[in-house]
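In my numbering, the protein residues as written are 6 to 398.
For each residue, glycine too, the CB sits at the ideal point set by N, CA and C.
Here it is, written out as structure tokens:
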């Protein structure tokens, strides 16, 4: 009996140590990558010589479109070089009427497959058909976005630099609405600065974020838009990387979105994202691995690693578990416990640095006190969505 107990405690100690080492390895990987995000690039010298299709999918957006309308009309770019097209997907409210009353072109989809993927595919086809070789690129936005006045001038400059796929900086318009939105915002700015910008400046591919994206006509013809999961942007990202392309982060081409202000409002959206990501991981790991083995393309290997890494919330949950487990076995007097405990200030430094570099108001630092509840909620959403998302809406 004593022997079994000793063997069990030995295995538990190894497991706790492995958990601490895994958590530390994830932090070190992210911290090393973040070095490339410490310095932000200067704005590019804007251009206005590219013709953009502007594509906005919408579903029952009555009453929320006016801010987007106003921002699109206020951009510092020649109107004759923008072809703005909304795709209203099976709307049952006044969305189509509001879009047309505002003076924008709109496809009123009342048949065919529902969802954002199908809407975007039809919209891209319409823009290519109407504008042909005149079309330089397509920019993608969501119905709740606000487009910065310089977005298209920066995008045109990015295309001129030879980047056929661009991801603009994605902000949060309603970041100060509630404590929940502030915590989401503080997490988002870290992703923008220390992850997306860092990846791009390291010569890797940043992620596609679903809005604020720009793709050249040549890319859309070479890698046609279609998807079989609920995260069409991530699926497109994998196909682009496996085709030898990378996504370039364009820091000063900015678009802001409205995030749910409460956990209840955000739950369905987060489940779709987390479930869709789970599905894309299962379907893409092998393709990315084979592409890296064949070509040695660093972006493919990095994207593979990125897909396998858990979310920030899950990483922090693992850290807390490691602290607790190593405190029990092998005990507080051993190095695994101190390694796990050291991750607490290390992660705090990582997030505070990302917020400071992004200009987040210092008063929001106190909101970190509420982070444990936020982390627990995000972890629960992640774990409950591992089976994949079932519906687009």
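Legend entry - Candidates 219, 76, 17, 345: closest to residue 162 by CA position: 219
Inset, instruction - Let me know the secondary structure DSSP gives residue 72 once reduced to three states. - result: helix
Legend entry - Length of the line joining the Cα atoms of residue 313 and residue 286: 7 Å
Inset, instruction - Can you tell me which of the three DSSP states residue 62 falls into? - result: strand
Inset, instruction - Keeping to the same chain, check which residues put their C-beta closer than 8 Å to that of residue 127; ignore five residues upstream and five downstream. - result: 92, 112, 114, 117
Legend entry - Rounded straight-line distance, which links the Cα of residue 349 to that of residue 216: 33 Å
Legend entry - contact_flag[the segment 59-75, the segment 142-155] where n(CB pairs < 8 Å) is 3 or more: yes
Inset, instruction - Please state if the CB of residue 140 and the CB of residue 60 are separated by a distance shorter than 8 Å. - result: no
Inset, instruction - Please check the pair residue 210 and residue 251, which I expect to be a contact at CB under 8 Å, by giving their CB distance rounded to whole angstroms. - result: 4 Å
Inset, instruction - May I have the straight-line CA-CA distance separating residue 135 from residue 208, to the nearest angstrom? - result: 35 Å
Legend entry - Local Cβ density within 10 Å of residue 230, reported as buried at 16 or more and exposed below that: buried
Inset, instruction - Ignore the nearest five residues each way along the sequence and tell me which others in residue 398's own chain have a CB closer than 6 Å to its CB. - result: Summary for residue 398: the model assigns pLDDT 42, below 50, so the residue's position carries little reliability, and this model does not support an answer.
Inset, instruction - Please classify residue 121: is it buried, with 16 or more other beta-carbons within 10 angstroms of its beta-carbon, or exposed? - result: buried
Legend entry - Backbone CA spacing between residue 369 and residue 378 [nearest angstrom]: 16 Å
Inset, instruction - Using a threshold of 8 Å, state whether the C-beta atoms of residue 49 and residue 253 are closer than that. - result: no
Inset, instruction - Only counting runs of 4 or more residues, tell me where the alpha helix (DSSP H) segments fall wholly within the segment 163-214, in order along the chain. - result: 184-195, 203-206
Legend entry - CA-to-CA distance, residue 8 to residue 395, given in whole angstroms: Its pLDDT being 47, under 50, residue 395 is placed unreliably in this model, and the value from its coordinates should be taken loosely. Rounded to the nearest angstrom, the two C-alpha atoms are 48 Å apart.
Inset, instruction - Would you list the one or two residues that DSSP bridges to residue 218? - result: 145, 172
Legend entry - Cα-Cα separation, residue 34 to residue 28: 10 Å
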